[in-house]
Amino acid sequence: MNARVRITAATVAALVVVFAPSAPAQQLIGGDVAGDRLISIDRDTLEWTLIGVHGNDTLSGLAYDANHDILYGVSPSDDNVFIVDRHNASLRRIGPPGALGFPNTNGLAYDPNHDVLYATDNNTNVLMTVDVNTGVGRAIGVISGGFTEIEGLGYDPVTDTLYGLTQLQLRIVKIDVDTARAEAVSDPLPAGVWRGLEFDTQRRVLWATTVVINASSLIYTFDPQTRRLERVGSIDGVPAIQGLGFVAGRCTDKERIARARCENGRLKVKLAKGTPGDAFTVEITGGASIEGVLNNKGQAKVKFKDVPNGEGVADSTWACGARDSRGYVCR
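Last residue of the sequence shown: 330 (numbering that gives the first Met the number 0), numbering continuous.
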């Protein structure tokens, strides 16, 4: 297995990452409303396997809560959020029928940093939070900025950013979770019936789908940093993927920066006690950053070169949602 590494600053001259020969499988899950089914999609080959048939023909948005290992789904015709068993696709409704209170909700995303489930309703163009115990939606506000009909949502826990996919304006947007104001982060998207959106915390991209009735859904990646949209291919024989959920490895709740030592401009940072195969990002004072994957002991070592003298802080974020910081001094 090759390490997937991105170096995001010119000042970073060297990197050492120790990684597992086989990391635990991250999983991209798709919800196909044409077949009332849940599928698992291989992110490299786009081959898919059936997880199960749930029988709900409008189960649209999906969102994965890595903190509690729960996959949520929303059905606009039922006006309910469901807990979806990601192993067999069985559904358990949260609250009584119609508990959500917004009967055309399609977008769904989970913020693991603050344990908040977000949703968007197309009838009212409202951004809301959803009480995961009662299933009741609580409006934050009407989405502004000139964007309507947010079909899909995805959340990046590293940057604390909520992304949305708008069918009418054909854009990927970021949405302020306090004000509900949206701002375009993509160029105009190709014509199509855009539906699913999810953030891949390991590869640091958004996945997006278009529905192609009587054919195969198309799937794209979008990099928010470079604003590059790439058509990856089609999900053969699956016409209507309207929901996407990405399952990352669970946190151990013991993730930490074990060491951050700097000498002669060379800073060495060691990560420890994580989940083997989990992705991580280390950023240091000044903005230099390195991404990588933990080894089979849940550890990694990274090296920064030409670090300026003085005090600094190394911040690490793991794909599962854990964070830690450690100070250092370069002399």
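Even glycine gets a Cβ: it sits at the ideal position worked out from N, Cα and C.
The segment 294-308 makes contact with the segment 265-275, as at least three CB pairs between them are under 8 angstroms.
Where N105 is concerned, the enclosing beta strand (DSSP E) starts and stops at 104-110. Taking every protein chain shown into account, the CB of Q224 has fewer than 16 other CB atoms within 10 angstroms, so this residue is exposed. The beta carbon of A138 is closer than 7 angstroms to those of V125, M127 in its chain, skipping five residues each way along the sequence. Per DSSP, N79 is one residue of the beta strand (DSSP E) stretching across 79-83. Taking T57 as the centre and dropping the five residues before and after it, the same chain places the C-beta of V32, S74, P75, S76, D77 closer than 8 angstroms to its C-beta, in chain order.
Classified as exposed, G97 has fewer than 16 neighbouring CB atoms from the shown chains inside 10 Å of its CB. Pairing L196 with L205 gives a Cβ-Cβ distance under 8 angstroms. The residue from R203, S315, F198, T284 with its alpha-carbon nearest to that of A299 is S315.
Rounded to whole angstroms, the separation of the alpha carbons of S216 and A239 is 6 angstroms. Between the alpha carbons of N103 and T251 lies a distance of about 37 angstroms.
If the five residues before and after K253 are omitted, its C-beta is found closer than 6 angstroms to the C-beta atoms of K272, all from its own chain and listed in chain order. Taking a 10 Å sphere around the C-beta of T48, we find fewer than 16 other C-beta atoms and assign the residue as exposed. Bounds of any beta strand (DSSP E) do not take in G320, whose DSSP letter is neither H nor E. About 3 angstroms separates the CB atoms of L107 and G60; that is less than 8 angstroms, so the two are in contact. By the neighbour-count definition (other C-beta atoms within 10 Å, threshold 16), S288 is a buried residue.
By a beta-carbon distance limit of 8 angstroms, T284 contacts V312. Their separation comes to about 5 angstroms.
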